[in-house]
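*Asks:* Quick one: this structure, given as structure tokens, is what I'll be asking you about.
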Amino acid sequence: MSHASDPQHWRAVALLSVAAFASGASARLCDPMLPDLARTFGTTATATAQVVSAFAVAYGVLQGFFGPLGDRIGKYRLVALTTLACTVGTLGSAFATSLSMLILFRLVLGASAAGIIPLSMAWIGDTVPYEQRQATLARFLGGQILGVIGGQFIGGVFTDTLGWRWAFGFIALVYLLVGLTVLAESRSNVTTHHRPASDAPRAGIVTQIRSVLGIGWARVILSVVALEGLLVFGALAFAPSYLHERFGLSLTASGGLMAFFGLGGLSYIGFARHFVRRFGEVGLARIGGSLLGAAWLLLAVAPSWIWAAPACYFVGLGFYMLHNTLQTNATQMAPQVRGTAVSLFASAFFLGQSLGVVLAAVLLAGIGANGVFGLAALLLPALALGFGHLLRAHHRLRTAP
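Residue numbers for the sequence shown follow my numbering, beginning at 43 and rising by one.
Now the structure itself:
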């Protein structure tokens with residue numbers, strides 16, 4: 043395994059982080075567009091929410107393909123190829139003439155982007171020792187966090203100025219440039235070259251997936267991350283629209299406030315090593331869940347839009363405390379087929395997100411955005427506390443003589 047401070051390895055991780063930026067931006071690009079898309083295509087916010095869930099569904103379903111393929115042909119090179127393939131779905135979205143066509147190209151984009159973040163995480167798991175892995179994954183996550191910030195902000199700015207189509211055109215250019223750079227790195231940097239494990243199983247894709255699902259701890263991690271995605275991002279997808287409609291903010295301002303979610307995540311990255319040493323995995327999960335609950339409650343009862351800034355900040359900080367702990371455990375669920383294991387993790391996470399957006403859209407009509415945020419505030423701490431209990435028990439089993 044490589045040491046995380048090796049210059050070649052550090053550069054390779056940095057480029058994967060840039061690719062993760064484009065993926066993160068794509069996932070959140072449409073959030074502030076939803077009211078304008080509803081006006082453009084003459085439909086409801088519930089219908090236009092499908093452009094968010096379509097990406098997540100395709101992203102989740104295709105994990106079962108890219109993970110095993112990365113285990114066989116090389117994870118880093120496959121990240122480059124999938125990044126380049128994302129230009130097709132992004133450009134198609136830019137030129138969509140109907141909501142159905144936009145949803146179709148968002149499905150294509152989600153399917154192409156499916157390989158970027160999970161394969162990057164699996165490659166880091168292959169090349170970085172476990173004791174350094176959580177901090178390295180946190181640094182890699184910086185790109186995804188900036189993508190979440192950038193996606194919502196870019197979507198809002200272009201929608202308010204040149205139009206939402208230009209947002210897709212801009213992201214398409216980013217995918218093209220980043221994909222070409224990562225492809226060149228996969229050829230020139232020796233640390234990125236594929237080295238299949240000598241004891242890795244040569245079974246088919248279905249058998250590889252079954253081998254992961256046969257591990258009890260893997261089933262726990264996959265279940266928790268699916269619920270995490272459902273609760274956090276089901277609510278988050280409608281936060282910009284809520285701020286726009288309740289407080290009369292522009293889409294740019296609403297998307298800009300969502301940037302505080304990313305700032306919370308960046309704060310976690312800046313102190314990740316200290317947090318891991320100080321609180322441990324169990325402590326990070328529990329504190330993260332508590333922060334998430336408090337933050338969503340604050341947004342639900344806030345009398346003014348100004349409270350959205352600290353609320354979104356603590357949603358981001360709490361989410362990445364919990365999620366980074368889940369990610370680190372996911373890289374060690376099944377080391378012999380790490381690409382498959384981490385891809386199943388990403389699949390569960392994004393399918394949870396997709397279901398969360400659909401459920402939140404349905405609940406929105408009945409209990410309103412405040413009710414959706416209140417449910418997230420109630421259920422996320424319970425989820426984190428339960429996971430913390432299971433994680434402590436798992437640690438005891440690992441260290442038992």
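For glycine and all other residues, C-beta sits at the position ideal for the given N, C-alpha and C. Keep in mind it's a predicted model, so treat the numbers as computed, not measured.
What does the alpha-carbon distance come out to for the pair Q378 and L79?
*Replies:* 45 Å
*Asks:* Roughly how many whole angstroms lie between the Cα atoms of D48 and G330?
*Replies:* 31 Å
*Asks:* At which residues does the alpha helix (DSSP H) containing I257 begin and terminate?
*Replies:* Secondary structure note for I257: it is in no alpha helix (DSSP H), with a DSSP letter that is neither H nor E.
*Asks:* Distance, Cα to Cα, G394 vs A268?
*Replies:* Across the structure, G394 and A268 are spaced so that their CA atoms are roughly 4 Å apart.
*Asks:* For F137, I'd like the list of residues in its chain whose CB is within less than 8 Å of its CB, leaving aside the five on either flank, ordered along the chain.
*Replies:* Only R207 meet the Cβ criterion.
*Asks:* Output yes or no for whether 9 Å exceeds the beta carbon distance between A376 and A260.
*Replies:* yes
*Asks:* Going by DSSP, what residue range makes up the alpha helix (DSSP H) through F210?
*Replies:* W206 to S230
*Asks:* Could you pull the start and end residues of the alpha helix (DSSP H) that W52 belongs to?
*Replies:* P49 to R70
*Asks:* From this set, S68, G131, L58 and E173, which residue's C-alpha is nearest R315's C-alpha?
*Replies:* E173
*Asks:* Can you give me the C-alpha to C-alpha distance between I263 and R229, rounded to a whole angstrom?
*Replies:* 34 Å
*Asks:* Start and end of the alpha helix (DSSP H) containing V199?
*Replies:* Y172 to D202
*Asks:* Between L225 and G66, is the Cβ-Cβ spacing less than 9 Å?
*Replies:* no
*Asks:* Give me the residue from C72, V266 and S346 with the minimum Cα distance to L291.
*Replies:* Among C72, V266 and S346, the Cα nearest to that of L291 is on S346.
*Asks:* Is it buried or exposed, W349, if we count other Cβ atoms within 10 angstroms and call 16 or more buried?
*Replies:* exposed
*Asks:* So for I375, helix, strand or coil by DSSP?
*Replies:* Looking at the sequence shown, residue 375 is not Ile but Met. The answer is coil: DSSP assigns M375 none of H, G, I, E or B.
*Asks:* From V357 to R320, what distance separates their C-alpha atoms?
*Replies:* Cα to Cα, V357 sits roughly 21 Å from R320.
*Asks:* At what residues does the alpha helix (DSSP H) containing D168 begin and finish?
*Replies:* I158 to T169
*Asks:* Classify H235: buried if its beta carbon has 16 or more other beta carbons within 10 angstroms, exposed otherwise.
*Replies:* exposed
*Asks:* Identify whether P352 lies in helix, strand or coil by the three-state DSSP scheme.
*Replies:* helix
*Asks:* Cα separation between L123 and T129?
*Replies:* 11 Å
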